[in-house]
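Peer 1:
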Amino acid sequence: MKKSITLVWFLTIATLGQSQTLLNELALDKPESNPPAFKAMKIVNLQSTKIADRGDWYMYVSHRFGSIQGGFDTFYGLDKANTKLEMIYGLSNRIQLGLSRESLRQTFAGSVKARVLQSLPLRLAIYSTANINSSLPDETDFQQRLSFANQLLVAKRINSKLSLEIAPTHVRFNLPVEEIQKFDQLALGLGGRYKFTKRLSINADYIYNFNRSEESSYVNPLSIGIDIDTGGHIFQLMFSNAQSANEPGFISNAEGDWLEGDIYFGFHIVRVF
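The numbering used here puts the first residue of the sequence shown at 623, with every later residue one more than the last.
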């Protein structure tokens with residue numbers, strides 16, 4: 623794969639310092655007649671029903687350190703970090719488009735998220751992403767580099783503190799990471815957010831894979847985090863047993879073990895301009 627594509631991301635980073643204050647619409651002092659179920663685009667790893675407003679550009683930085691199980695040898699994960707940079711554009715108030723690059727497996731991705739329903743009591747959205755694994759040998763066929771994920775996102779704001787989401791999911795690998803892994807996988811995502819204070823919430827999501835091979839070394843991803851709402855932006859801190867921030871990666875290829883301390887610390891930083 624031609625490495626010149628990564629030039630786009632260096633140009634994107636250069637604009638970061640020029641960004642405006644994140645999520646101006648999150649002015650918490652103003653009452654909302656129909657407040658969103660989630661204020662961030664991701665619950666932890668799982669996509670939420672939030673969509674960028676028309677004309678808004680978002681820079682989404684997702685960083686995952688290596689497993690803390692590595693101890694001092696890897697400086698508790700600092701030596702094996704994974705970073706995903708994503709640009710998101712609000713094509714309309716119902717549709718957003720995204721382009722990203724993740725350092726893990728040198729993955730390029732494009733995505734689209736569309737709002738289907740925003741009225742009470744449910745919020746519905748659909749999300750699709752296509753990934754290109756550029757770390758494979760040069761002789762690998764382009765089609766084999768591709769993986770996909772499609773999700774129906776159904777969220778409900780139970781009350782002023784609690785929001786829940788369910789996400790039926792389909793993942794497709796044209797070349798599975800493991801030979802025993804199935805090309806098509808069906809999964810169900812569950813996520814939630816509970817607000818402790820006006821600006822602090824705890825979030826969690828879990829994805830159950832229905833037809834992963836029993837011999838697979840991969841597991842279902844469980845992620846727990848907190849949202850810190852500064853009024854100008856949402857800052858997310860999280861722990862997960864999956865290091866990838868891309869949907870095909872963390873849904874199908876989570877390899878950590880919470881009980882063994884094999885988990886990854888990370889964070890999301892979002893800027894809008």
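Note that the Cβ used here is the ideal one computed from N, Cα and C, for glycine as well.
1) With a cut-off of 8 Å on the beta carbons, I'd call Gln669 and Leu775 a contact; round off their distance for me.
2) Quick check: the segment 749-758 against the segment 699-719, are there 3 or more CB pairs under 8 Å?
3) In angstroms, rounded to a whole number, what distance separates the CA positions of Ser714 and Arg745?
4) How many angstroms separate the CA atom of Ser845 from the CA atom of Asp884?
5) Are the Cβ atoms of Arg676 and Gly712 separated by less than 7 Å?
6) Check whether the Cβ atoms of Arg893 and Met663 lie closer than 7 Å to each other.
7) Pop quiz: Ala771 and Val793 are said to be a contact at Cβ under 8 Å. What is the actual Cβ separation, rounded to whole angstroms?
8) For Gln765, count the other beta carbons within 10 Å of its own beta carbon; 16 or more makes it buried, fewer makes it exposed. Which is it?
9) Taking the beta carbon of Asn667 as the centre, do at least 16 other beta carbons fall within 10 Å, making it buried, or is it exposed?
10) If you draw a straight line from the C-alpha of Glu836 to the C-alpha of Phe805, how long is it?
11) If I measure Cβ to Cβ from Gln728 and keep anything under 6 Å in the same chain, skipping five residues before and after, which residues do I get?
12) Using a threshold of 6 Å, is the CB atom of Thr705 nearer than that to any non-hydrogen atom of the ligand ZN?
13) Taking Tyr840 and Gln865 to be in contact with their CB atoms under 8 Å, please state how far apart those CB atoms are, rounded to whole angstroms.
14) Given Asp851, which residues of its chain have a CB within under 6 Å of its CB, disregarding the five upstream and five downstream residues?
15) In whole angstroms, what separates the C-alpha of Gln773 from that of Ser725?
16) State the Cα-Cα distance for the pair Leu768 and Thr791, rounded to the nearest angstrom.
17) Look at the alpha carbon of His855 and the alpha carbon of Ile891, and state the distance between them as a whole number of angstroms.
18) Should Thr671 go down as buried or exposed, given a rule of 16 or more other Cβ atoms within 10 Å for buried?
19) Going by beta carbon distance, what residues of the same chain come within less than 8 Å of Lys778, once the five residues before and after it are set aside?
20) Pick helix, strand or coil for Ile673, following the three-state DSSP scheme.
21) State buried or exposed for Asp827, treating a residue as buried only when at least 16 other CB atoms are found within 10 Å of its CB.
22) For the segment 817-844, list the beta strand (DSSP E) runs that are entirely contained and at least 3 residues long, ordered along the chain.
23) Nearest by alpha-carbon distance to Trp679: which of Leu719, Leu812, Asp849 is it?
24) Verify whether the separation of the beta carbon atoms of Asn868 and Ala731 is less than 7 Å.
25) What do you reckon, are the CB atoms on Gly813 and His685 nearer than 7 Å?
Peer 2: According to the structure shown:
1) Rounded to whole angstroms, the Cβ separation of Gln669 and Leu775 is 6 Å, and the two are in contact under 8 Å.
2) With the cut-off at 8 Å, the segment 749-758 and the segment 699-719 do not touch.
3) 17 Å
4) 12 Å
5) yes
6) no
7) Taking 8 Å as the upper bound for CB-CB distance, Ala771 and Val793 are in contact here, some 5 Å apart.
8) exposed
9) Counting every other CB atom within 10 Å of its CB across the protein chains shown gives Asn667 a total of 16 or more, marking it as buried.
10) 14 Å
11) Ser756, Ser757
12) As far as ligands go, the structure on display features none, and thus does not contain the ligand ZN.
13) The Cβ separation is near 12 Å, so there is no contact.
14) So the qualifying residues of the chain are Arg821.
15) The alpha-carbon atoms of Gln773 and Ser725 are separated by roughly 23 Å.
16) 17 Å
17) 8 Å
18) buried
19) Ala659, Pro743, Leu744, Arg745, Ser785, Leu786, Glu787
20) coil
21) buried
22) The segment 817-844 contains these whole beta strand (DSSP E) runs: 822-831.
23) Leu719
24) yes
25) Result no, Cβ atoms of Gly813 and His685 do not sit closer than 7 Å.
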